[in-house]
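*Asks:*
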Amino acid sequence: MNKKLIVGNWKMNPLGLDEAKRLYKQIALGTKGIKKVETLVCPPSLYLADLMKLRLGTKIGAQDCHFELSGAFTGSVSAPMLKDLKLPVVILGHSERRAAGDTDEVVNKKIKVAIKLGLKVILCIGEKERDDHGHYLETVKMQLEKSLAGIPKKMFGQVSIAYEPVWAIGANAKAADTPEDFQHTRLYIKKILSKLTTKEAALAVPVLYGGSVNRKNALEFLAQGEADGLLVGRESLSPQNFVEIVKNSDRL
Ligand code: PGA
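The opening position of the sequence shown corresponds to residue 51 in the numbering used here, with each subsequent residue numbered one higher.
1. Have a look at residue 103 and residue 68 and give me their C-alpha separation to the nearest angstrom.
2. Would you identify the three-state DSSP class for residue 189, choosing helix, strand or coil?
3. Hey, does residue 234 have any beta-carbon neighbour from chain B nearer than 8 angstroms?
4. In three-state DSSP terms, what is residue 179?
5. Given the structure, does residue 239 come close to ligand 1, in the sense that its CB is under 7 angstroms from one of the ligand's heavy atoms?
6. Span of the beta strand (DSSP E) holding residue 91?
7. Answer yes or no: do residue 58 and residue 206 have a C-beta to C-beta separation smaller than 8 angstroms?
8. I need the DSSP call for residue 172, collapsed to helix, strand or coil.
9. Just checking residue 282 against ligand 1 - is the residue's beta carbon closer than 7 angstroms to any of the ligand's heavy atoms?
10. Can you list the beta strand (DSSP E) stretches of 3 or more residues lying completely in the stretch 206 to 274, in chain order?
11. If the criterion is Cβ atoms closer than 8 angstroms, does the pair residue 128 and residue 144 meet it?
See below:
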């Protein structure tokens, strides 16, 4: 059985390195000895090198990277830079990056460069609004097809999908998705993936849920929703709550 992947996406938090170190240490300490869950913390890029130097064992990933290897791209971080820090994973296509201008085509270019360098990729997808007729699945399909266009079948082992409906993300979210709906969407995602790669490879791609995950609803998504993992935003900034999510997931 594959390990569940629980990701903490810190976004543009916290405000200082000392606090970042404190959060990371507490998470590393609290999740020590966890067997069935892979924990991944994704801090702002500015803190990556310092947190990696702590060598605490808990995996660290990046929140984004550019699609060019180097050059005149002010403010950006490239995949080779992440590789140089020995980071294993990068989140790509997060809805907040998409809102800042990342199209599916841009996300596609980023995925290609990241996987070519051997990084694992967590591709975020999700509709802006949910309708009652299932049209949102069209958005999911388009995002998958365009973001993963031209990715060699044998590279799908480096890809995880995080389904994060935009309306469920952040402090202004109406609510999280329901585990039942997520379960259906997950199967749909697998179906689309099986057309882009082989059926076996598609079945092996982890599909995470993200959007207002907290310590109360986390287990429902893993159990009833059959999520292969979770992408946690706000709640990952509370080490106590994040650790609780990881520990409870380990007991499933
Ligand atoms: P949230 O964010 O858990 O704060 O809703 C999730 C995300 O954007 O990854």
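The C-beta atom is built at its ideal place from N, Cα and C for all residues, glycine as well.
*Replies:* Looking at the atomic coordinates:
1. 14 angstroms
2. If DSSP states are grouped into helix, strand and coil, residue 189 belongs with the helices.
3. Of the protein chains in the structure, only one exists, and it is not chain B.
4. Here residue 179 sits in coil by DSSP.
5. no
6. 87 to 92
7. no
8. strand
9. yes
10. 209 to 213, 257 to 260
11. no
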